[in-house]
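In what follows, a structure is listed as structure tokens, so that the remarks can point back to it.
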Amino acid sequence: MSMPVPDGLWLVVEAATAAGSLAVLERLGERVRLRASCPVSMGSGRADVLTPAVSPLLHAAGCSLSEMVAVVCGAGPGSFTSLRIAGAFAKGLAYGLDVPLYAVPSLLLAVGDAEVPPSEGAYRVALDALRGEVYVQDVRVGANGLIASAGPPARSALATIPVDALRMVSVATDVVPRASSVRWLSDWSAFGPVPLDEWEPAYGRLAEAQVKWEASHGRALGVD
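Okay, here's the thing in structure tokens:
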């Protein structure tokens with residue numbers, strides 16, 4: 004039996020790309036309001052950038068961390084390092100606050116923005132996956148501006164993507180997954196709660212460091 008989606012304040016963490024973000028949303032049934040959001044540049048540094056960003060975000064939202072009823076994390080695919088950090092951060096918050104964790108495919112969060120609902124139609128969202136590839140997902144936006152998945156995320160060679168009648172949204176046009184776009188989801192219950200002891204982001208591919216190690220050693224990492 005699925006758990007009811009809680010009403011109240013939700014903290015959202017998204018870091019599928021270096022252009023990460025945080026948001027606080029207020030949910031009351033079908034009504035969802037953005038209380039505050041902020042960009043978080045993930046980059047490649049070792050410093051923790053997510054934790055220091057939470058305090059000013061909560062101040063802007065006019066609430067405290069203890070008021071959160073749930074945590075949402077962008078589930079990828081995307082940057083291995085950024086997703087790994089965001090996933091651990093979100094799980095730690097959910098565990099510490101004793102609230103449920105929801106995991107939303109990051110490509111869904113590249114449709115729409117903080118204030119204006121996305122236009123009705125079919126979208127093919129594309130996100131750079133390096134090595135001449137992209138992560139893609141088909142997304143459907145209803146007449147009410149709410150977003151739903153029209154298929155699972157996949158990784159494909161950029162040159163083989165048929166655009167057809169779908170509209171492509173890509174990082175090349177500065178459209179990236181945003182934490183605030185969670186407010187436009189059509190079915191929150193489809194994304195959680197996820198088990199804290201088992202869930203991890205869908206990275207989409209192995210980390211670059213692992214790929215290089217396996218190439219230089221001629222075998223899979225962890226296999227004797």
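Be aware that the sequence shown starts at 4, since it is given in our numbering, and climbs by one per residue. Ideal Cβ placement from N, Cα and C applies to all residues, glycine included.
For residue i, three-class secondary structure by DSSP
i	result
S44	strand
W187	helix
Y98	helix
E201	coil
E3	Since the displayed the chain opens at 4 and closes at 227, residue 3 lies outside it and no answer follows.
L60	helix
A231	Past the boundaries of the shown model lies residue 231; the chain is included only from 4 to 227, so the question cannot be answered.
P55	helix
G65	coil
G195	coil
G115	coil
M6	coil
Residues that residue i bridges to, as DSSP identifies them
i	result
Y105	V75
S122	None, per the DSSP bridge assignment.
R228	Past the boundaries of the shown model lies residue 228; the chain is included only from 4 to 227, so the question cannot be answered.
V144	G124, I150
V139	A129, A157
S85	Paired residue(s): none; S85 is not in a bridge.
V16	L25, C76
Residues near residue i by beta carbon distance below 6 Å, same chain, minus five either side
i	result
S183	A26, L37, S40, A117
V197	L104, A106
P155	none
A22	V179
G46	A21
Same chain, Cβ closer than 8 Å to residue i, five either side skipped, listed in chain order
i	result
A157	Y138, V139, Q140
A64	L12, V27, R38, A39
C66	L12, V27, R38
P149	The sequence shown places Leu at residue 149, not Pro. So the qualifying residues of the chain are P120, W187, L188, S189.
L199	K94, A97, Y98, L104
E123	V144, G145, A146, G148
P59	C41
Beta-carbon proximity list for residue i, same chain, < 7 Å, skipping 5 on both sides
i	result
A93	V16, V74, C76, L104
L96	L14, V74
R30	D10, G11, W13
G90	C76, E203, P204
Note to self: Quick test of the definition: if touching needs 3 or more C-beta pairs under 8 Å, does the stretch 125-135 touch the stretch 89-103?
What the structure shows: no
Checklist line | Three CB pairs or more closer than 8 Å across the stretch 75-84 and the stretch 51-59 | finding: no
Notebook entry, point to check: When the Cβ atoms of the stretch 191-202 are set against those of the stretch 65-72, are three or more pairs found closer than 8 Å?
Noted result: no
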